[in-house]
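See below for the structure under consideration.
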Amino acid sequence: MRRSPILPLALLLALTSLAFALAAGSMPLTLSEVWGGLVGDGESLAAQVVNELRLPRALTAFAVGGLLALAGALMQALLGNPLADPYVLGISGGAAVGALGALLLGAGGAALQGGALTGALLTMLLVFGLARGEGAWSSTRLLLTGVVVAAGWGALISFILSIAPEAGLRGMLFWLMGDLAGSATPTYGLVALGFGLLFTLPLARSLNLLVRGELQAATLGVAVRPLKYLLYFAASGLTAVAVTLGGSIGFVGLVVPHAVRLLAGSDHRLLLPTSVLLGGALLVFADTLARTLIAPQQLPVGVLTALVGVPLFLFLLQRGHR
Amino acid sequence: MSEPLLSARDLTVEIGGRLVCRALSLEVASGERWAVLGTNGVGKTTLLHVLAGLHRPTGGEILIGGSPLHAIPRRHVARRLGLMPQDSRDTFPSTVLETALCGRHPHLGLWENEGERDLAIALAALKAVGLGTLQHRDVRTLSGGERRRLALAVLLTQDPAVVLLDEPTNHLDLHQQVRMLEHTGELARAGKGIAMVLHDVNLAARYCDRLLLLFGDGEWAAGPREVLLETELLTRLYGHPILKVAHQPWPVFVPAPG
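The listed protein sequences correspond, in order, to chains A and B. First residue of the first sequence? That's 2 in the working numbering, and the numbers climb one at a time after it. First residue of the second sequence? That's -16 in the working numbering, and the numbers climb one at a time after it.
Here's what the structure looks like:
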């Protein structure tokens, strides 16, 4: 395993992003006020703003970013394809149809999240069932099945948007571009992230072999088929949780793992935890900017992740090619 | 004689409805080098994969050190049997050394990382195949020949008793082909049992002591090279008249002019 300072640096960046998220907003706080609010008795206005408004949202953003980056890294290993992202198999499309359906019926809050989760889980089973078929369960077939199912969901999303009443459209578009404003409690996302990392880290060395080809992995002692099933369900499940919490936020899952590879190589023992930290940090920064840039108006966080991430990633890619 | 490292008993292998071999029995002993010969598409690679336990045979069984292969967990198989695939894939960046270290996977526990000893093994393997100076290079920048040698280094790092090679001379020029096959000689002298798929009957004649000929339709012949290197058998094997040219110390086989 390569020694690399990337993991502590990523941790530092994650903590910085959280501090930024807690301090910035319509009521700017100094770092000592933030700290006082976190550890104090919670009586002051600053403490309430920090503990009840900003902290849950920042932690949710971190969890969603971490989940998406982890799911992206797993999907890329599962499909052996650098273009794979958490949404490539149609999970976000299914979640979107569920969520928009709920919005169309006038539901919100828990019903919205329930709809998204149902759509995501349904897609997971649908794609798995179709791609599995008999015998061969090849990555190409899985990828094609997922992409086609995603296209189907895309058509349904357009259909819902075209029949939705004017008043509901804005909420729907926000959901589609990622929205953390409705996030209530971060526990669910953080627990999912913790479990996801705990279950996939012991597999990291096997993933290093899987990306070198299934045959190579099998001859070096990896039980390839069970590993692929596990990866499929882990990556899809993590994506489902992320989409349920934050809507479909593009870009993080595709780009963060690649950025880590460019900075620190492809060893999954480093790649997985670093991706989680950097994905989380990216989304916390993006979400904080989304709610402060043109406050009091909020921007969809997906817009910001791309605006922050695209130049950053292109810079890394150029640097890597020197 | 000691127990064979790898044995096939009554092995029947089919792929896509075609018979690769019917009731094949052979034993690979320590120090032996087997060549698997046959025309394109006859099922040489499939047979090698079956011998490696990657596919189940239609009938018969494979024993490794006396125990049935399919009953041994994959990781334990990988400590005793290694396969160099026909091609390697590298979608994501990785260094030559990281790739060589992959060979240690079956020897390490779930939470274990490679230690000094594993590193020394991998570096020695890279040096042995002449890639010692390229250890920090990205594998995606290697030439076809270098990749082939790296694949051998992975196998050396894995250090199994049974070594299966699928077209080890693929992508290599003449000089490198000879070097690759001379490596297999060192492995044989170190007591490994080796089976390799080869395209060139002359390389097989020079570097392998035993041959397995696959004629198609499930027919096969296995035995020492002195017995099987006959023009009639080779003519049948390749579906083209083959001439034997006397040459010391070993004869050369050439396709007869059309």
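We put the beta carbon where it would ideally sit given N, CA and C, even for glycine.
In the three-state reduction of the DSSP assignment, B/Pro224 falls in the coil class, being assigned neither a helical nor a strand state.
Cβ proximity to chain B below 8 Å picks out Pro203, Arg206, Ser207, Asn209, Leu210, Val212, Arg213, Gly214, Leu216, Gln217, Ala219 from the stretch 196 to 219 of chain A. The stretch 92 to 126 of chain B is shown to contain whole alpha helix (DSSP H) runs of 4 or more residues at 99 to 111, in chain order. Between the C-alpha atoms of B/Gly113 and B/Ala134 there is a straight-line separation of about 12 Å. For the stretch 92 to 123 of chain B, the beta-carbon criterion of a distance under 8 Å to any beta-carbon of chain A is satisfied by Leu93, Trp94, Asn96, Glu97. Between the stretch 275 to 288 of chain A and the stretch 255 to 264 of chain A there are three or more C-beta pairs closer than 8 Å, enough to call the two in contact.
Annotation: the continuous alpha helix (DSSP H) that includes B/Arg208 extends over 208 to 211. Residue contact with chain A for B/Leu37: present (Cβ-Cβ distance below 8 Å to some residue of chain A). Within 9 Å of the CB of A/Ala224, the CB atoms of chain B belong to Pro56, Arg57, Arg58, in sequence order along the chain. Chain-ordered listing is empty here: chain A has no CB closer than 7 Å to the CB of B/Pro40, the nearest sitting near 16 Å. For B/Arg63, the enclosing alpha helix (DSSP H) has its first and last residue at 57 to 63. For the pair of segments examined, the stretch 54 to 70 of chain B was found to touch the stretch 220 to 240 of chain A: the number of CB pairs separated by less than 8 Å reaches three.
Excluding five sequence positions before and after A/Ile161, the CB atoms of its chain that fall closer than 8 Å to its own CB belong to Val98, Leu101, Gly102, Leu105, Met173, given in chain order. Collapsing the DSSP output to three states places B/Val146 in a strand.
For B/Phe75, no beta strand (DSSP E) segment is defined, and its DSSP state is neither H nor E.
Exclusion of the five residues before and after A/Val35 leaves Ala20, Leu23, Ala24, Ala47, Val51 as the residues of its chain whose Cβ lies within less than 8 Å of its Cβ. Under the Cβ criterion of 8 Å, B/His154 is not counted among the residues facing chain A. Burial is judged here by how many other beta carbons sit within 10 angstroms of a residue's own beta carbon; A/Arg171 has fewer than 16 and is exposed. Taking a contact to require three or more Cβ pairs closer than 8 Å, the stretch 5 to 16 of chain B and the stretch 51 to 63 of chain B do not qualify as touching.
The beta carbon of B/Leu34 lies closer than 8 Å to those of Leu(-11), Ala(-9), Ile45, Leu147, Ala178 in the same chain, with the five residues before and after it left out.
The C-alpha of A/Ile7 is placed about 25 Å away from the C-alpha of B/Gly92.
The continuous beta strand (DSSP E) containing B/Pro238 extends over residues 235 to 238. Annotation note: the stretch 180 to 210 of chain B contains the following uninterrupted beta strand (DSSP E) runs of length 3 or greater, listed N- to C-terminal: 193 to 199, 202 to 207. Closer than 8 Å to the CB of A/Asp42 there is not a single CB belonging to chain B. Taken through DSSP and simplified to helix, strand or coil, B/Pro51 comes out as strand.
Going by beta carbons, B/Asp149 and B/Leu31 fall inside the 8 Å limit. B/Ile(-2) is bridged by DSSP to B/Arg1. Rounded to the nearest whole angstrom, the C-alpha separation of A/Thr186 and A/Ala156 is 32 Å. Annotation: Cβ neighbours of B/Gly86 in chain A (cutoff 9 Å, chain order): Leu221.
Taking CB atoms only, A/Ser249 has no neighbour in chain B less than 8 Å away.
Separation of A/Leu32 and A/Leu126 (C-alpha to C-alpha, rounded to the nearest whole angstrom) is 46 Å.
Just measuring C-alpha positions, the residue of A/Leu294, A/Leu263, A/Gly81, A/Gly251 sitting nearest A/Arg142 is A/Gly81. Listed in chain order, the non-local C-beta contacts of A/Leu273 below 7 Å within the same chain comprise Leu71, Ala74, Leu198, Thr201, Leu202, Ala205, local neighbours out to five positions each way being set aside. Across the set A/Ile158, A/Gly38, A/Val309, the C-alpha of A/Ile158 shows the shortest separation from the C-alpha of A/Ser93. Cα atoms of B/Val184 and B/Arg87: separation of roughly 33 Å, rounded to the nearest angstrom. One alpha carbon belongs to B/Leu138, the other to B/Ala111, and they sit about 12 Å apart.
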